[in-house]
Structures are given as C-alpha cells and as structure tokens.
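For reference, the structure is listed below as structure tokens.
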C-alpha cells in the first residue's frame, strides 16, 4: 500500500457528502469496500455502490449510472493512478465456495453491465456464459463451460503451446490473434487451434486471450474472447480484459481459499459437535445405568418407593435422549442457507431475545424498535439471526460499565430493509476503526471462529446487501445492514 | 448393623444425579448428605464431618478440582478420602485441568461417568471398611 494518502471521491468531487457531513453518502459508509484501490470505505470504488449522492442527487445502481461513472473524471483519475493494480469491480465479494464461482462471475458480469460491454466490444451474441477457462486436473488442462447458440458446451484445452489460449497460459502473456486463417496465420508464432471452430461450427476471425493470476502471480487460467466487431482487438480491448482478469483472479483465489476454509471449518465443527454429543451421552448413560441398577435391586428387595423415584429420573433422561434424536435428525450442516421471504422482525426479535438474559446480567438496556412492512422480506433466517447476534454481542462489549444501552431497530426505505444495531459505548477512534476495517479487507475467514464482523460481511454479501458502520470516539457506534427486496 | 452408619457427602449440581447416587448408597447402609456445589460442600464438611466425599468435577461456583484442593489443604478435612466423579477423564489433557491435576489434587480415586453402580459401591466400600 502506498504511504501517500489517496484521494477519495468526496474529496475530489467536493460533493459535501463525505465522512463528517450531515448527509453521508453510501460510498463513505460502505465498509465492505474498505481499502479497495487504496480508498476509505468505497471512496475509490464508488461506481460499484448503489445510491451514491453524486451530482446533488441519489444515483441508481451500476447499470443505471455506468455511462456517467465511466466518463467521470474521478473514475478516470483512479484508473490512471492505480494502473495495473486498478480494481474495477469487486467480483471476489459474495463468492462463498468453489461451486458458486461461475454463477457469481455470470451474476457480476450481468450486474455490472460487463456482459453488455463485452458484447458491444467483442460481438458475443452467439456466446453466452463464462469466458473464463480455469486450469484443472493433473496434467492440467484449461477447462470452461459456456452456451453457444443455445447449446451448453464445454471446452477443454491442453495446457501447452498448441493453441492460442494454451500459449497465453503457458507463457503468462496476453495473446491477440488477428485473422488466423490468413497467411501468415499467426503473429509472433502464436499457434491457432482450429479444433474449437470445427467443434462449434464457427469461424474465428480474431481472438484475445488474457491470463488470470492469483495474488502471488501464479497462472490460474485464461479469459478468452473471439471475434471483435471491429475486425481486430485493440489495445483498449486488451486493457479492459486485463482489468477484468484481475477481478476474476481474486474471485477464483477467494473461492479456493473459502473452499479450503469451509472444509477445515466443517471438520472442526464436527469434532466439536462430537465432543458435545459425547458429553451429553455420558450424562444420559450415567443416569440410565444408575436408575437401572436401582430399579433392579428395588425389585429384588421389594422397595417400591425406590422404583417410583428412579423411574421418574429414568423418564426424564429417556425424554432427553428422544429430544436429542429429533435435533440430530433436523440438524443438517450441508443444508443450504436459503434466502426466502419471511418475517424479518421475527428473526431479529429471536436473536435479541437470545441475548436478553446476558444483557440483564450486565445491566445493559437492550431494546428493539421494529418497523412495519417487513413480514415477507427475503432473507436467510439463520444468516440474519447470526448477523444480529454478532452485532449485538459486539455492541454490548462496547457498552460502558454502567448505563449501557443497545438498540436494535428495523425499517425499510427505497426497497431496502434496514437493520440497525446502535450502542452508547465509547465509539471508535480512527485507529481502532482502521483495525476493524482491516479484518474486512483481508477477508481472512479461515482464522475466525465464525463469530464477528467478517461473518456478518459474508452473510450480508450473500444477500446482495451492504453493511455500514458509523462510529465516532465518544459518540457510540451504529452498524447498519441493508437488505434488498430482490436478493 | 451395630456400629454407626458411615456418612458420605455427595456433591453434584444435578438434582437427578444427587438423588440417584443417594438411592444407590442408602440401601447399602450408608448415610448420605448432599451439596450442590463446591462452596456448599466445604460448609457441609465443616458441619457434618463425612467419612467420604463423592465429588462431581463440573459444577458452578467452586468446581470439583478447586474444592478438592481446598479440602486437602485444610488440616480438618485433609484426612477425608475424596472420589472424583467426572465425565471428562479422557478430555482432561485438553481442558484447563492437566491430567496430573487429579494427582495434584491428591484425591484418592476418580471414576469416569457413566459410573457403574457396582463399581461405585466397591470403591466406596474399599475406603469405608
């Protein structure tokens, strides 16, 4: 990171909606983007944040405002300043595991209008789906899935120099092939493999292949586009593809890290569950062994009163065992965490009621202010429950030793549900806020215990929502989750 | 039985467990007094002078290890044999109690839950001959 402080949009554009202003812009509040392009919150990737307060009025989402954004002098300034490091989209966010990678790439491409931009540039009408080929298997091959003229197709290209795509991956360099069927067929000895055209019954006139890297520079795969409308791919096209490749690289890497972390986390949680289960079963077995002995001996000795008492104890433990069976049957760690319409206030109230006892013992006044119109709001009940529990626990920890107060409020505005957890704690100075933001930025989920703000960010991401933090030293903190109606 | 009944203090925070252990011991001619946590146990030792203590490990207030430490360091109670009842014998090395915590606490014996009643009676009898 550069030691020189980089300018954020509110500073360059002088909009008056930056930190400390009366009307804060969502870009200034979006902690999930902290550090991207070296900015404070989304201060240097504001074009991805819906509803920014540019030009004196709230803007729409990226698709609505992209024309304006891509011509904006601040966007161009960040692009020039960041050069090769420029982050255009936050593709990596929202990827939970390797399985959802392709879905997420497609989703972000469409959300950000990338597909439309690519289509306009690269004549992609015939090709729909991911353009990303990833290295897989041993020996590695470049593998991709897409739809061509309505038919699902798979490409599987050897990781060698026998094709332009393979050449780009092996040599780790962008390849721009023009008129491959004309002699001389290749530029700079880049080969062209006609097998793909034969398989797809099409004819490639021009081809651009750009390598995708992880953060340590290892090649993960290649992004390809064929057939430019303009006859050949320009330097500008290549620049665009290379920027996009940076995002894809981050996304792929994150998906893999998450996959590993999830697998490790699942093992840890199974082992924890088994320890808990074993303890529970020992307790029950202890009671069953004891009461069985008492009853047997009481029968031998005719002590009917003992039988009655022992039987009551036995009954209670048999019921505990039956309850456990029910819990085990309904507990499925693999069950997807579905986002579906439900009463958001109920979810929030359940989470708060879990912590009421804890709040009472710490003399913290924990209250809810639940708004209307949230009866059928799409959300993951389990996910949002965890978010609220995490945020309330954090807020309670921040409360003063006496007179602590935490308010959990819900509402909705402009098609977004709002869950706001605020406290009257000490608030955060710039340094602690920076430390907190660091955890968002590094996105290191593997080390966490599943509790804390990174988890909240993950869950909110999955809903396509935002998390905002508002905190001042001495003025308490407020964490606000926004959830779109259309997830 | 001509001689006075031997008195056993059973310490456990679970009411069912207290009742059950009492019901195993009493028909065999022992007198049982109970306590629901470590602090309660210290008072009972003071007032009831038991001949043996059966001590659960996991309890609120003062747990079994801490209670046995206190009992063994007091001249008045250090002669009373203590049998720890624990569900965590195999996990002791993982917990905050090291495995030698049992030895350091100088309890005479420990039994892992689920405790076999016959085994319990055998151990109790061995201390109260």
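Chains as they are written, first to last, in my numbering: chain S, 1 to 487; chain B, 488 to 616. C-beta atoms are modelled at their ideal positions from N, C-alpha and C, and glycine is treated no differently.
| Check | Outcome |
| --- | --- |
| 7 Å Cβ cutoff met for residue 291 of chain S and residue 313 of chain S | yes |
| Residue burial classification, residue 8 of chain S (beta-carbon count within 10 angstroms, cutoff 16) | buried |
| Beta-carbon contacts of residue 65 of chain S that lie in its chain and below 6 Å, excluding the five residues immediately before and after | 59 |
| Meets three-Cβ-pair contact criterion under 8 Å: the segment 502–518 of chain B and the segment 461–470 of chain S | no |
| Same chain, Cβ closer than 6 Å to residue 384 of chain S, five either side skipped, listed in chain order | 347 |
| Beta-carbon neighbours of residue 506 of chain B, restricted to chain S and to distances below 7 Å | 309 and 313 |
| Pair within 7 Å by beta-carbon distance, residue 402 of chain S and residue 421 of chain S | no |
| Amino acids of chain S, ordered along the chain, whose beta-carbon sits closer than 9 Å to that of residue 514 of chain B | 294, 297, 298, 301, 303 and 306 |
| Per-residue contacts from residue 285 of chain S into chain B (C-beta, under 7 Å) | 601 |
| Buried versus exposed call for residue 475 of chain S [16 or more other C-beta atoms within 10 Å across all chains shown] | exposed |
| 7 Å Cβ cutoff, residue 319 of chain S in contact with chain B | no |
| CB contact below 7 Å: residue 368 of chain S versus chain B | no |
| According to DSSP, residues forming a beta bridge with residue 404 of chain S | S/364 |
| Identity of the residue in S/44, S/279 and S/483 nearest residue 76 of chain S by Cα | S/44 |
| Which listed residue (S/386, S/453, S/375 and S/17) has its alpha carbon closest to that of residue 417 of chain S | S/375 |
| Same chain, Cβ closer than 8 Å to residue 492 of chain B, five either side skipped, listed in chain order | 516, 517 and 518 |
| Residue closest to residue 207 of chain S, alpha-carbon to alpha-carbon, out of S/217, S/214, S/181 and S/218 | S/181 |
| The ligand NAD heavy atom lying under 6 Å from the CB of residue 181 of chain S | What this structure holds is no ligand at all, so the ligand NAD is not there to describe. |
| Residue 15 of chain S - DSSP class collapsed to helix/strand/coil | coil |
| DSSP state of residue 502 of chain B mapped onto helix, strand, coil | helix |
| Residue 221 of chain S, DSSP secondary structure in three states | strand |
| Per-residue DSSP class, three states only, for residue 22 of chain S | coil |
| Endpoints, beta strand (DSSP E) assigned at residue 384 of chain S | Element bounds for residue 384 of chain S: not the beta strand (DSSP E) but the alpha helix (DSSP H), 381–398. |
| Contact set for residue 29 of chain S: own chain, Cβ-Cβ below 6 Å, skip 5 residues either direction | 468 |
| Residue range of the alpha helix (DSSP H) that includes residue 525 of chain B | 525–535 |
| Own chain, CB closer than 6 Å to residue 352 of chain S, minus 5 neighbours either side, in chain order | 368 and 408 |
| Whole-angstrom distance between residue 279 of chain S and residue 158 of chain S, CA atom to CA atom | 53 Å |
| Inter-residue spacing [alpha-carbon to alpha-carbon] between residue 340 of chain S and residue 325 of chain S | 27 Å |
| Burial state of residue 171 of chain S, where buried means 16 or more other Cβ atoms lie within 10 Å | exposed |
| Any chain S beta carbon closer than 7 Å to residue 546 of chain B | no |
| Bridge-paired residues (DSSP) for residue 418 of chain S | S/411 and S/482 |
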